[in-house]
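Undergrad: Throughout the sequence shown, residue numbering follows the working numbering, covering 2 to 233 in sequence.
Right, I'll just put the structure down here and ask away after.
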Amino acid sequence: MIKERLNILNKIDELSKDISKTELILDETSKILALEINPNQKETILMTAGCHGNEPAPVYAMGKFLEEKNFPKDKRIILIPCINPIGFVSDSEFTPEKINVNRDFKENSNSKEANFLRKIVKKYNPEFVVNLHEDPDETDFYIWVEDNAYKSKAEKLIAELNVSYFKDKDIHGNQVKDGIILDSKEHDSFEDYLIKNHIPTFCTETPGEWSIEKRIKVNLDILNKIVNEVSK
Ligand SMILES: [Zn+2]
Numbered sequence: 002m003i004k005e006r007l008n009i010l011n012k013i014d015e016l017s018k019d020i021s022k023t024e025l026i027l028d029e030t031s032k033i034l035a036l037e038i039n040p041n042q043k044e045t046i047l048m049t050a051g052c053h054g055n056e057p058a059p060v061y062a063m064g065k066f067l068e069e070k071n072f073p074k075d076k077r078i079i080l081i082p083c084i085n086p087i088g089f090v091s092d093s094e095f096t097p098e099k100i101n102v103n104r105d106f107k108e109n110s111n112s113k114e115a116n117f118l119r120k121i122v123k124k125y126n127p128e129f130v131v132n133l134h135e136d137p138d139e140t141d142f143y144i145w146v147e148d149n150a151y152k153s154k155a156e157k158l159i160a161e162l163n164v165s166y167f168k169d170k171d172i173h174g175n176q177v178k179d180g181i182i183l184d185s186k187e188h189d190s191f192e193d194y195l196i197k198n199h200i201p202t203f204c205t206e207t208p209g210e211w212s213i214e215k216r217i218k219v220n221l222d223i224l225n226k227i228v229n230e231v232s233k
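Right, here's the structure in full:
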């Protein structure tokens, strides 16, 4: 177990003690949190991190985001800082039951983690969802965009982040064009589930080849830019 990662989860727990939340206890030391900021606002954005435990930077960015409290007042923000906390502390892509949460959205889900995501989506009915991931094997940034109408929003985000992104690249059989994968193949992912429920979504990928500090900063920038963007 990685002590530093347990510490960041404890810190997130501490920072969220006055925030209303939904939680799921996984074992004696682990739970999944869904934090509800500005509960009285209607427009809702859901942002998640830590689906794959070997993609740590977004979880650290969630900790900083909660620390800085730079939240706009005009929308409800639901944060799931770490979907797979047991995977995170053990640097595993999978849950303890060896399930890849982002391939667990068939007709029904097997993992507690995927079922928690379904429950949160049903409970809060978000207008837009951002899932922060990392691609450990890659050198440049890219975004999976599941709704053509959101392509320009993704282009704007990429331009504002001011980072190196893939211009033209094959990623696991999907084509990245100018930093964006549109209309990806179905793979029983959380994104597939969202789009079937008509909820637009981004899945961002910081590359493992960047330093952890840079990856945390870029993920924090994404969180801030998404919540502070004026509604469309
Ligand atoms: Zn991932």
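Heads up, the beta-carbon is just placed ideally off N, CA and C, and yes, glycines get one too.
Everything numeric in this text was worked out from a predicted model, so none of it was measured.
Are the beta-carbon atoms of Ala115 and Cys83 separated by less than 8 Å?
TA: no
Undergrad: Would you call the CB atoms of Asp136 and Gly209 closer than 8 Å?
TA: yes
Undergrad: What does a CB cutoff of less than 8 Å around Ile213 pick up in its chain, not counting 5 residues either side in sequence?
TA: Pro57, Ala58 and Tyr61
Undergrad: Tell me which residue opens and which closes the beta strand (DSSP E) that Arg216 is part of.
TA: Not the beta strand (DSSP E): Arg216 falls in the alpha helix (DSSP H), residues Ile213 to Asn229.
Undergrad: So, under 8 Å CB-CB, Ile144 and Ala160 are touching, yes? Tell me the CB distance rounded to an integer number of Å.
TA: Incorrect: roughly 12 Å between the Cβ atoms, too far for contact.
Undergrad: Comparing the CB of Glu147 with every heavy atom of ligand 1, is any distance shorter than 7 Å?
TA: no
Undergrad: Jot down the residue ranges of each uninterrupted alpha helix (DSSP H) in the segment 59–112, minimum 4 residues, whole runs only, in chain order.
TA: 86–90
Undergrad: Work out the CA separation of Asp169 and Ile26 for me, nearest whole Å.
TA: 42 Å
Undergrad: In this structure, how does DSSP classify Ile181 when only helix, strand and coil are distinguished?
TA: Of the three classes helix, strand and coil, the one that applies to Ile181 here is strand, per DSSP.
Undergrad: Just list the residues that DSSP pairs Ile26 with in beta bridges.
TA: Lys32
Undergrad: Below 8 Å, how does it come out for the segment 88–95 and the segment 3–13: are there three or more Cβ pairs, yes or no?
TA: yes
Undergrad: With 16 other CB atoms within 10 Å as the buried threshold, where does Thr205 fall?
TA: buried
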